[in-house]
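Chains as they are written, first to last, in our numbering: chain A, 1 to 180; chain B, 1001 to 1119.
From the three backbone atoms N, C-alpha and C, an ideal C-beta is built for every residue, glycine too.
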Amino acid sequence: MKKTLALLGLTISSLGYSQGGPLIIKNLSTNYDFHGNIIANNFAGGCLPFVMSQDPEQVIVQAGNTVQYDNFRDQYNGSLSTVATWSVSVNSGLFGPRTWNHPTMVPGSIISKNTQWSHSKFQMYHAGTSNAETYFNGNIGNKNNPCLSASEYIDALPMGDASWFTVTSNGTVYTYLVIN
Amino acid sequence: MAAFAALILASCNNESTAVNTVESMKTPQMENFDKAFKSLGDPQNRPTEEEKKRNTSELSDRRKALLVPASKELILSSGVTEAELMRKTGGDMSQIIVWATQIYMKKSDEIRKNIKAEK
């Protein structure tokens, strides 16, 4: 009986956790820096909660670097390119700022549990400069997101391309955005 | 004058070699891990029409398999034994890729800290 209960507990907690995992942005390009916003949202419930980077609006991943966002809170101390404030809408459709350490942004919160990394509107810049590459940008993200339309592959060859996919391990969804 | 120019050139060269970046300090296993991700974009490795039609963002098993050898190599380079790798992952491709990703992030952080310490 005890064993069954423990197993049940494990199953429930892993189900809860399966809602969100890290976002990993791998910029393998040698010529371009990635500048893009990052968005997580609910795929049901009228798209709410909806969370997007606000300060800074665009995170930067320099050519050759990989950045990981563990969750809305811990990314602030653990990531190379952090988000200090998120713009969040919970149920009204109105957006308001919430800092990384806001009590509602912790792992396991209603917002965390009901959102998944979904989208990035990005623009590539010539590495180390503020010169945008006219032909290398787009809306990349989960193609099944009913709230934002995006492609899982953006072809800007010969400059490069961008791919979005997940790898699910033990119920945790790892979301990858890979720039080539 | 020529000697002076040569001296300036030489000092510039020294400077450029002294600048270490995470990129230049990656271990061979980290580089191979990057290469494996890059290879997903090779024409023969891109999603097939059938894979595109799936109702999920999950990387297909065919494409996960492309990441596994470099992932294993990276995990083993961190001191984990082959037996341990099999025991912990049961050979599950997703677990191997995710584990390798975490080792990659940890190694990148270490390199970054070392560069900072040198400066």
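- Taking all protein chains in view, the Cβ of A/Arg73 is crowded by 16 or more other Cβ atoms within 10 Å, so the residue is classified as buried.
- Per DSSP, the unbroken alpha helix (DSSP H) holding A/Asn77 starts and ends at 75 to 78.
- If you draw a straight line from the Cα of B/Glu1084 to the Cα of B/Gln1102, it comes to about 16 Å.
- Ranked by Cα distance from A/Asn71, the first of A/Val61, A/Met52, A/Gly64 is A/Met52.
- If one requires a minimum length of 4 residues, the alpha helix (DSSP H) runs lying completely within the stretch 26 to 100 of chain A are 75 to 78, in chain order.
- In its chain, beyond the 5 residues on either side, Tyr32, Met124, Tyr125, His126, Met159 have a beta carbon closer than 7 Å to the beta carbon of A/Glu133.
- For A/Glu133, the enclosing beta strand (DSSP E) starts and ends at 132 to 141.
- For B/Leu1066, there are no C-beta contacts with chain A under 8 Å, since the nearest C-beta of that chain is about 12 Å from it.
- In this structure, the beta-carbon distance from A/Tyr174 to A/Ile24 falls below 8 Å.
- Taken through DSSP and simplified to helix, strand or coil, B/Asp1061 comes out as helix.
- Taking a 10 Å sphere around the C-beta of B/Ile1097, we find 16 or more other C-beta atoms and assign the residue as buried.
- Of all residues in the stretch 128 to 142 of chain A, only Asn142 come within less than 7 Å of chain B when Cβ atoms are compared, listed by chain position.
- Using a Cβ distance threshold of 8 Å, A/Asn139 and A/Ala150 count as a contacting pair.
- Contact annotation: in the stretch 36 to 55 of chain A, no residue has its CB less than 8 Å from a CB in chain B.
- In this structure, the CA atom of A/Val106 is about 7 Å from the CA atom of A/Ser112.
- At a cut-off of 8 Å between beta carbons, A/Phe165 contacts chain B.
- In the three-state scheme derived from DSSP, where H, G and I count as helix and E and B as strand, A/Leu148 is classed as coil.
- Around the Cβ of A/Gly93, a 10 Å sphere holds fewer than 16 other Cβ atoms; the residue is exposed.
- The Cβ of B/Leu1059 sits closer than 8 Å to at least one Cβ of chain A.
- Excluding sequence positions up to five before and after A/Asn131, its CB lies within less than 8 Å of the CB of Tyr125, all in the same chain and listed in chain order.
- In the structure shown, the three-state DSSP call for A/Met159 is coil.
- By the CB criterion at 8 Å, A/Ser169 and B/Ser1077 fall outside the cutoff.
- Annotation for A/Ala156: Tyr135, Phe136 place their beta carbon closer than 7 Å to its own, counting only its chain and skipping 5 residues before and after.
- Contact check for A/Ser87 against A/Pro103 fails: the beta carbons are separated by 8 Å or more.
- If you compare the alpha carbons of B/Arg1062, B/Lys1052, B/Asn1055, B/Ser1071 with that of B/Glu1031, the shortest gap goes to B/Ser1071.
- Look at B/Val1080 here: in three-state DSSP terms it is coil, with no helix or strand label.
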